[in-house]
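Chemist:
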Amino acid sequence: MSEAVPHLSRSMQGRVVFITGAASGIGEASAHVFAREGARVALSDLDGAGAQAVASAIRAEGGDAKAYALDVTDPAAIKVVIEQAAGDFGGIDCLVNNAGAARLTALDAPEFDDVWQWQLDVLLTAHQRTLRAALPFLRRSDAARVVNIASTEALGATARNSAYVAAKHGVAGFTKAMAVDLGKEGITVNAICPGPVLTGLTRKIPENDRATFAHRRTALRRYGMPVELAHMILSLCLPAASFVTGAVIPVDGGLTARNA
Ligand code: NAD
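Here my numbering is used: the first residue of the sequence shown is 26, the next is one more, and so on.
1. With DSSP run on the structure shown, which of helix, strand or coil describes serine 27?
2. Please check the pair serine 69 and isoleucine 44, which I expect to be a contact at CB under 8 Å, by giving their CB distance rounded to whole angstroms.
3. Beta carbon of alanine 168, beta carbon of proline 264: below 7 Å?
4. Would you mind working out which of Gly39, Thr243, Leu71 sits nearest valine 147, comparing C-alpha positions?
5. Between the Cα of glycine 271 and those of Leu254, Gly249, Phe199, spot the shortest distance and give me the residue it belongs to.
6. Throw me the rounded Cβ distance for the glycine 39 and arginine 65 pair, which I believe falls under 8 Å.
7. Tell me the rounded alpha-carbon separation between methionine 250 and proline 275.
8. Between histidine 256 and valine 58, which are expected to be in contact by the criterion C-beta below 8 Å, what is the C-beta distance as a whole number of angstroms?
9. Hey, could you find the ends of the beta strand (DSSP E) arginine 65 is sitting in?
10. Taking the DSSP output, what are the residues bridged to leucine 120?
11. Taking contact to mean at least 3 C-beta pairs separated by less than 8 Å, is the region 134–153 in contact with the region 74–89?
12. For valine 269, name the three-state secondary structure that DSSP assigns.
13. To which residues does DSSP link proline 275 through a beta bridge?
14. Going straight from the alpha carbon of aspartate 113 to that of valine 105, what length do you get?
15. Would you mind sorting asparagine 123 into buried or exposed? The rule is 16 or more other CB atoms within 10 Å of its CB.
16. Could you check what DSSP says for aspartate 146 in three-state terms: helix, strand or coil?
17. For aspartate 113, report the span of its alpha helix (DSSP H) as first-last.
18. I'd like the list of long-range same chain contacts for serine 176, defined as Cβ closer than 7 Å, with 5 residues on each side in sequence excluded.
19. Is any heavy atom of the ligand NAD found at a distance shorter than 6 Å from the C-beta of glycine 211?
20. Just checking my contact of valine 171 with leucine 120 at CB under 8 Å: how many whole Å lie between their CB atoms?
21. Taking the beta carbon of aspartate 234 as the centre, do at least 16 other beta carbons fall within 10 Å, making it buried, or is it exposed?
22. Taking only three categories from DSSP, how would you classify glycine 249?
23. Is it the case that the CB of valine 222 approaches a heavy atom of the ligand NAD more closely than 6 Å?
24. For aspartate 133, does the three-state DSSP call read helix, strand or coil?
In structure tokens, the structure reads:
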């Protein structure tokens, strides 16, 4: 090997990854993809039984996974569960802030304030709470990585979605702020912005509407599969991804690139 080009590892073997919202969609696919690459996966979800089922499926494939019931809007539970997972696995190298839910609401709807607060709690406040809880463990890792799941709604806006849009723009800002604060410790913090992906979140949209939207808006003319997002998340968690931080990366089939 050339001395001028040092080796940087593309192996996730033995690295411990904590994922929120891992019972479904992008989080579930990520748990599988990380485990297939040899990572040890602590997966959590509001749906504890769903998380257990994903962990069992990963173990059945020969992977190392353990499930935890966790509502990311509960600050006390976040601390308890992250400390428990770090104890069970002997540390945490990577944190994937993925849990999310969405509800469209018009500005003048009576429930607007409640929806606003809930969206900020689930989609944004949770990210700082999990990061602060995981920080003591990330600091002990030799290649600590944080990946926040934002959205193309962090770069633009869809009608009647202001709470979600504001929260996801907040995720982009928080990602940059944390990259700056933690950079001197070598901890990288990045965000991905998924475009339309077929998951629990989008499955309720009628298939015809999904196809029309994807055809009109994305360069690839289709919805993404959760596993395609999972591979981008994994790439940002590699030890070799050591000079990428504060990046807010569209993974959207070309939605943000396409004008017409
Ligand atoms: P999904 O519904 O398939 O999965 C989301 C998971 O989060 C579910 O298992 C759910 O139980 C969990 N969750 C919801 N509220 C929670 C809470 N309070 N505490 C813990 N877990 C909770 O949806 P998905 O599309 O895989 O969503 C994953 C992330 O991707 C979300 O942050 C979402 O905003 C983002 N995203 C999705 C799309 C898309 O098109 N699917 C596009 C852009 C961004």
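By construction, the Cβ of each residue, glycine as well, lies at the ideal position given by its N, Cα and C atoms. This one's a predicted model, so the numbers in the text were calculated from it and none came from an experiment.
Modeler: With the given structure in hand:
1. By 1-based counting over the sequence shown, the position of residue 27 is 2. Coil.
2. Taking the sequence shown and counting its residues from 1, one reaches residue 69 at position 44. Taking the sequence shown and counting its residues from 1, one reaches residue 44 at position 19. Indeed, because the Cβ distance is near 7 Å, the residues count as touching under 8 Å.
3. Residue numbering aside, residue 168 sits at position 143 when the sequence shown is read from its first letter. Residue numbering aside, residue 264 sits at position 239 when the sequence shown is read from its first letter. Taking 7 Å as the Cβ cut-off, alanine 168 and proline 264 qualify as a contacting pair.
4. The residue you call residue 147 lines up with position 122 of the sequence shown. The shortest C-alpha separation from valine 147 is found at Leu71.
5. Working through the sequence shown from its first residue, we reach residue 271 at position 246. Answer by Cα proximity: Phe199.
6. Position 14 of the sequence shown, counted from the start, is the residue given in the question as residue 39. Position 40 of the sequence shown, counted from the start, is the residue given in the question as residue 65. About 7 Å; that satisfies the 8 Å criterion.
7. Sequence index remark: in the sequence shown, residue 250 carries index 225 (1-based). Sequence index remark: in the sequence shown, residue 275 carries index 250 (1-based). Going by the C-alpha atoms only, they are around 15 Å apart.
8. If you number the sequence shown from 1, residue 256 lands on position 231. If you number the sequence shown from 1, residue 58 lands on position 33. Indeed, because the Cβ distance is near 6 Å, the residues count as touching under 8 Å.
9. Indexing the sequence shown from 1 puts residue 65 at position 40. Taken as a continuous stretch (DSSP letters only), the beta strand (DSSP E) holding arginine 65 covers 65–70.
10. Here residue 120 is taken as the residue at index 95 of the sequence shown, counted from 1. Paired residues: Phe43, Val171.
11. no
12. Along the sequence shown, read from residue 1 onward, the residue named residue 269 stands at position 244. It is coil, neither helix nor strand.
13. As a working note, residue 275 is residue 250 in the sequence shown. Per DSSP, Cys218.
14. Position 88 of the sequence shown, counted from the first residue, corresponds to residue 113. Position 80 of the sequence shown, counted from the first residue, corresponds to residue 105. Whole-angstrom Cα-Cα distance: 12 Å.
15. On the sequence shown, residue 123 is found 98 positions in, with the first residue counted as 1. Buried, since its Cβ has 16 or more Cβ neighbours within 10 Å.
16. Counted from its first residue, the sequence shown places residue 146 at position 121. In the structure shown, aspartate 146 sits in a helix (DSSP, three-state: H, G or I).
17. The count along the sequence shown starts at 1 and reaches residue 113 at position 88. Start and end: 100–114.
18. Here residue 176 refers to the residue found at position 151 of the sequence shown. Excluding positions up to five away in sequence, the list reads Lys193, Cys218, Pro219.
19. To locate residue 211, count along the sequence shown from 1; it is residue 186. No, the Cβ of glycine 211 stays beyond 6 Å of every heavy atom of the ligand NAD.
20. Taking the first residue of the sequence shown as position 1, residue 171 is located at position 146. Taking the first residue of the sequence shown as position 1, residue 120 is located at position 95. With 8 Å as the limit, valine 171 and leucine 120 qualify as a contact, their Cβ atoms being about 5 Å apart.
21. The residue labelled residue 234 in the question sits at position 209 within the sequence shown. Flag for aspartate 234 reads exposed.
22. The count along the sequence shown starts at 1 and reaches residue 249 at position 224. DSSP places glycine 249 in strand when its eight states are reduced to three.
23. Against the sequence shown, residue 222 aligns to sequence position 197. Yes, the beta carbon of valine 222 sits closer than 6 Å to at least one heavy atom of the ligand NAD.
24. The sequence position of residue 133 within the sequence shown is 108, counting from 1. Here aspartate 133 sits in coil by DSSP.
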